[in-house]
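K.L.:
Just dropping this structure here.
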């Protein structure tokens, strides 16, 4: 493998010395191209070399929290009709029962298990969020490597390392094209996620640097997901298919299936094709010094992150003033622009559509004092009391309001104005869910799917993953 | 299913009558949105309703030619290391041996067989070309439906109808975004091809209109392929994965896995996300009146279509003047801009890279008098005589030269200038390969892979497909 470290650090003075030795022209040419040339390779080199022992303790801890939250979401979503349909449609063509579909009795080949676990972990829109990019990092990565762990032995330490590296790859690549890529209409969890899966699976398959470069190139060729699909079953297809595609990319690369050496940064590579702007330093700088998984967040509410400040405020107002729907004349929301862009549906007809309606979400939170999966049922979406209150919710954009903030003003029928301002919504980086709250969320999701004893075991395995000789124990414990 | 036919045909006068009846406002609103709203649905409705009996005889014939050419390419490419690697990497995870990998002994589940046949049919870059979009139409479509035909009974007539409809869907969608989509850097065979596979498989699965709409939406979410991958194994991954993705989309939709109703035309739907311009009338107008498969072409040379005029000219010059490499001082090519954009590699190191070098291609054609797969071997790409002549080839863009044209001027060592102008290269729409030439190409590709008797049988089955009760006979005859 060609090493470019010296060239990259060569100063102008150093180049002069080299020129005197007759070596400069070639080096100069290489250096001038290196900025746009080595993005994929630098990332691949880092992923191939990175060791579990290098991970700071808080990063390891956040990886456990990420995994626990993901497993809870996957188990909780596993009985949704979306998963039923996907399994029923694809089982006739699936391979040997190598890997667990979490929360279910079926086992499937590792590629299909990755797809199913990715779908089920996202179906409630309750999974983790990298707030800067709105990527849901765990779905594409954990779905793939947990399936792999049932096919070949993977220690808990190696598993956590791969999880961290997969999240690192997808979020850094997401950072590099955010926000243009998302604004165009891509579902970034599926488009960046495929790199996360490829990197993490590739790490566990022991790819060398060149193979990892090819795996990333094959990943670049298979982006998944359009924002147009939000509110349909195809939204949760994105992280599932990203897991499966990245897994496939790593498998092919492991046998030396070739792709470009510059899949991300070439003129007609991924970043130029799927975005109108990019900053490659987001991918190549400070590798091994910063960890995107440290910025991961976990939702207290079963819907898109942009409504969370509103839900936090509505639930606080309800509890503080013991509000009922009948007392409320009008609800005003002062929100960040993304809220209306992403969740502006005025008259959702189903629970799933309700997740894309800040109007419905505010109403149901004021009435129920909660916004878990139960609050996004088809029944409540059609409930006359909820619908009536929903239609009295008004949302306006306020330039002073950030994405983690909201100002909610409830006008009661007797003319009082009750106001709540949220600076950092519960579940955000600055106001994170505690371990106990994560466990409560997990238990709630697992309730009715696996036994409480099983749920406890899965959580304990997540917290103790570093000590496991086989990460597959986790998958097996999470089966129905 | 909501029917909009009446609304779409309502005249202004008719609307006035409806207004008098108090019905106009709603209808008017629907009509005003319909232009940007019903693209996916109109295409789906057409595909669902279209019958084999509606196909004009020349369209049926062209479908046979398309199929024969595709089968030859898939058989010919089936022993390439790219296919070996893909099969070896993915077999441990594949399902039951439901479908033939053409030219080989292995059988795989229908999804993986689609992938493999799509890869092998494109690996030599020798497959069919829809010249307007440079889509290779058969790979994504035929690979999928031939695999399906081994899983569920499909008559020859239904097979041909699905082939025509799949090609129609992918080429119309390609027309709608060409050339912007390709210019951005997408490998259009993989990005439009997934719609072709979804439509064709969906047709054979008997999807209703709504399910077909969803299948197209799921297809829209899974584009495959970047032009950056040209010259690597990942190029041929595009039609294979497109076949597999479209097949998956149709399977999911058949079980009512939902997606958007406007996957192609929505604000954040496919066309807006993957292109900077689009013309939806290319998709919705004259459905059932024109057939894109009528515009399909078949390559006489084993490389990208843009070099074909050059190859045609070089072979004619060589034969006419009995040229040898030693007599040639210099070769000048006056070419269309796409030639240098797509095949501008100056110093290809492998046969595969040679397909992306008009310089190499011209040299090897002048020396060998042919440009079949043998002429793009690694050995010839390194041959000193070929390399020396290659380095004496100069190509310049000439604004007067169209994509199917070239002017080649050979300067001999004794100072003579020999010139050849090609107006319509052999294999183009206006100068098509004859059935006999197609058979000769097939036989050449099949040579050494299947017996001559088998090759004859496969060709006869293609020509006689309309009469077959089971299209699967074709797949079985094409096995090793």
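Residue numbers (the working numbering), protein chains in the order written: chain Y, 267 to 746; chain W, 267 to 746. Note that the Cβ used here is the ideal one computed from N, Cα and C, for glycine as well. As the structure is a computational prediction, the values presented were derived from the model and not from experiment.
1) Just checking: is the beta-carbon of residue 526 of chain Y within a distance shorter than 8 Å of some beta-carbon in chain W?
2) Leaving out five residues on either side along the sequence, give the residues of the same chain with a beta carbon under 6 Å from the beta carbon of residue 702 of chain W.
3) Using the rule of at least 16 other Cβ atoms within 10 Å of the residue's Cβ for burial, across every protein chain shown, is residue 679 of chain W buried or exposed?
4) Going by DSSP, which residues form a beta bridge with residue 596 of chain Y?
5) Shorter than 8 Å from the beta carbon of residue 494 of chain W to some beta carbon of chain Y?
6) If the cut is a Cβ gap below 8 Å, which residues of chain W does residue 414 of chain Y touch?
7) So, at 6 Å on beta carbons, what are the nonlocal neighbours of residue 737 of chain Y in its own chain, with the 5 sequence-adjacent residues on each side left out?
8) Name, please, each residue of chain W whose Cβ falls closer than 7 Å to the Cβ of residue 490 of chain Y.
9) Examine chain Y for any beta-carbon lying closer than 8 Å to the beta-carbon of residue 360 of chain W, and answer yes or no.
10) Within its chain, find whatever has a CB closer than 8 Å to the CB of residue 448 of chain W; leave out the 5 residues flanking it on each side and keep chain order.
11) Taking all protein chains shown into account, decide if residue 511 of chain W is buried (16 or more other Cβ within 10 angstroms of its Cβ) or exposed.
12) Can you give me the C-alpha to C-alpha distance between residue 363 of chain W and residue 514 of chain Y, rounded to a whole angstrom?
13) Please specify which runs of the alpha helix (DSSP H), each continuous and at least 4 residues long, are wholly inside the segment 468-531 of chain W, giving them in chain order.
14) Using a cut-off of 7 Å between C-beta atoms, extract the partners of residue 498 of chain Y located in chain W.
15) List, in order along the chain, the chain W residues whose C-beta lies closer than 8 Å to that of residue 567 of chain Y?
16) Below 8 Å on C-beta distance, what does residue 376 of chain Y contact in chain W?
17) Name the two residues that bound the continuous alpha helix (DSSP H) containing residue 341 of chain W.
18) Strictly below 7 Å CB to CB, what residues from chain Y border residue 534 of chain W?
19) Between the Cα of residue 351 of chain Y and the Cα atoms of W:522, W:347, W:446, W:642, which residue gives the shortest distance?
20) Run through chain W and tell me which residues come within less than 9 Å of residue 503 of chain Y, C-beta to C-beta.
21) In the segment 427-455 of chain W, which residues sit with their C-beta less than 7 Å from some C-beta in chain Y, listed in chain order?
22) For my contact list, residue 659 of chain W and residue 715 of chain W are in at a C-beta cut-off of 8 Å; report their separation, rounded to the angstrom.
23) Any contact of the segment 644-652 of chain W with the segment 543-558 of chain W, i.e. 3+ C-beta pairs under 8 Å?
24) Indicate whether at least one CB of chain Y lies closer than 8 Å to the CB of residue 572 of chain W.
25) By a C-beta neighbour count over all protein chains shown, 10 Å radius and 16 as the cutoff for buried, is residue 700 of chain Y buried or exposed?
26) Do residue 562 of chain W and residue 328 of chain W have their C-beta atoms closer together than 8 Å?
27) May I ask you to report which of helix, strand or coil DSSP gives residue 607 of chain W?
28) Helix or strand or just coil, what does DSSP make of residue 296 of chain Y?
29) Do you know offhand how far residue 632 of chain Y's Cα is from residue 656 of chain Y's?
30) For a contact meaning CB atoms closer than 9 Å, what does residue 352 of chain Y contact in chain W?
31) Residue range of the alpha helix (DSSP H) that residue 630 of chain Y falls in?
32) Are any of the Cβ atoms in chain Y nearer than 8 Å to that of residue 538 of chain W?
33) Please report the Cβ distance between residue 558 of chain W and residue 546 of chain W, rounded to the nearest whole angstrom; I am assuming they are in contact, meaning their Cβ atoms lie under 8 Å.
34) For the beta strand (DSSP E) holding residue 639 of chain W, just list the boundary residues, first then last.
35) For residue 464 of chain W, which residues in chain Y fall below 9 Å Cβ to Cβ?
36) Who are the neighbours of residue 507 of chain Y on chain W, taking C-beta pairs under 7 Å?
P.N.:
Short version:
1) Taking the first chain and counting its residues from 1, one reaches residue 526 of chain Y at position 260. Yes - at least one Cβ of chain W is within 8 Å of the one on residue 526 of chain Y.
2) Here the question's residue 702 of chain W lines up with position 436 in the second chain. Around residue 702 of chain W: no qualifying Cβ.
3) Taking the first residue of the second chain as position 1, residue 679 of chain W is located at position 413. By the neighbour-count rule (16 or more Cβ atoms within 10 Å), residue 679 of chain W is not buried but exposed.
4) To locate residue 596 of chain Y, count along the first chain from 1; it is residue 330. Bridge partners of residue 596 of chain Y: Y:677.
5) Within the second chain, residue 494 of chain W is the residue found at index 228, counting from 1. Taking Cβ atoms only, chain Y reaches closer than 8 Å to residue 494 of chain W, which makes this a yes.
6) Here residue 414 of chain Y is taken as the residue at index 148 of the first chain, counted from 1. Residues of chain W passing the Cβ test: none, with the nearest at roughly 11 Å.
7) As a first step, residue 737 of chain Y must be located in the first chain, where it is residue number 471. Excluding residues within five positions, the ones whose Cβ falls inside 6 Å are 415, 420, 422, 425.
8) As a working note, residue 490 of chain Y is residue 224 in the first chain. 487, 488, listed in chain order.
9) As a first step, residue 360 of chain W must be located in the second chain, where it is residue number 94. Judged by the 8 Å Cβ criterion, residue 360 of chain W is in contact with chain Y.
10) Position 182 of the second chain holds residue 448 of chain W. Here the set comprises 399, 400, 454, 493.
11) For the purposes of this step, residue 511 of chain W is taken as the residue at position 245 of the second chain. Its Cβ being crowded by 16 or more others within 10 Å, residue 511 of chain W is buried.
12) Stepping through the second chain from its first residue, residue 363 of chain W is reached at position 97. Stepping through the first chain from its first residue, residue 514 of chain Y is reached at position 248. Roughly 19 Å separates the two Cα atoms.
13) 475-486, 500-520
14) The residue you call residue 498 of chain Y lines up with position 232 of the first chain. In chain order: 524, 525, 526.
15) Numbered from its first residue, the first chain carries residue 567 of chain Y at position 301. The contacting residues do not exist; residue 567 of chain Y stays about 23 Å from chain W at best.
16) Against the first chain, residue 376 of chain Y aligns to sequence position 110. Simply 359.
17) Reading the second chain from its first residue, position 75 is the one you call residue 341 of chain W. Residue 341 of chain W -> alpha helix (DSSP H) spans 323-343.
18) Stepping through the second chain from its first residue, residue 534 of chain W is reached at position 268. Those within 7 Å of residue 534 of chain W in chain Y are 451, 492, 493, 494.
19) Here residue 351 of chain Y refers to the residue found at position 85 when the first chain is read from its first residue. The option with the nearest alpha carbon to residue 351 of chain Y is W:522.
20) Taking the first residue of the first chain as 1, we reach residue 503 of chain Y at position 237. Neighbours of residue 503 of chain Y on chain W, chain order: 484, 487, 488, 518, 523, 525.
21) 450, 451, 452
22) As a first step, residue 659 of chain W is located in the second chain; it is residue number 393 there, counting from the start. As a first step, residue 715 of chain W is located in the second chain; it is residue number 449 there, counting from the start. 32 Å between Cβ atoms; not a contact.
23) no
24) On the second chain, position 306 is the one that residue 572 of chain W refers to. Residue 572 of chain W does not count as touching chain Y.
25) Residue mapping note: residue 700 of chain Y aligns to position 434 of the first chain, counting from 1. The residue is exposed, with fewer than 16 neighbouring Cβ atoms inside 10 Å.
26) Reading the second chain from its first residue, position 296 is the one you call residue 562 of chain W. Reading the second chain from its first residue, position 62 is the one you call residue 328 of chain W. Contact: yes.
27) Here the question's residue 607 of chain W lines up with position 341 in the second chain. Helix, per DSSP.
28) The sequence position of residue 296 of chain Y within the first chain is 30, counting from 1. Since pLDDT at residue 296 of chain Y reaches only 32, below the 50 mark, its modelled position is unreliable, and no value is offered.
29) The count along the first chain starts at 1 and reaches residue 632 of chain Y at position 366. The count along the first chain starts at 1 and reaches residue 656 of chain Y at position 390. Going from the Cα of residue 632 of chain Y to the Cα of residue 656 of chain Y covers about 10 Å.
30) As a first step, residue 352 of chain Y is located in the first chain; it is residue number 86 there, counting from the start. Within 9 Å Cβ-Cβ: 518, 521, 523.
31) One-based indexing of the first chain puts residue 630 of chain Y at position 364. Residue 630 of chain Y -> alpha helix (DSSP H) spans 624-634.
32) Walking along the second chain from the start, residue 538 of chain W turns up at place 272. Taking Cβ atoms only, chain Y reaches closer than 8 Å to residue 538 of chain W, which makes this a yes.
33) Here the question's residue 558 of chain W lines up with position 292 in the second chain. Here the question's residue 546 of chain W lines up with position 280 in the second chain. With a Cβ gap of about 16 Å, residue 558 of chain W and residue 546 of chain W do not count as contacting.
34) Along the second chain, one-based indexing puts residue 639 of chain W at 373. Here residue 639 of chain W belongs to no beta strand (DSSP E), and DSSP marks it neither H nor E.
35) Locating residue 464 of chain W in the second chain gives position 198, where the first residue counts as 1. Correct list: empty, because the minimum Cβ distance to chain Y is about 13 Å.
36) Start at 1 with the first residue of the first chain, and residue 507 of chain Y comes out as number 241. Going along chain W in sequence order, the residues near residue 507 of chain Y (Cβ under 7 Å) are 488.
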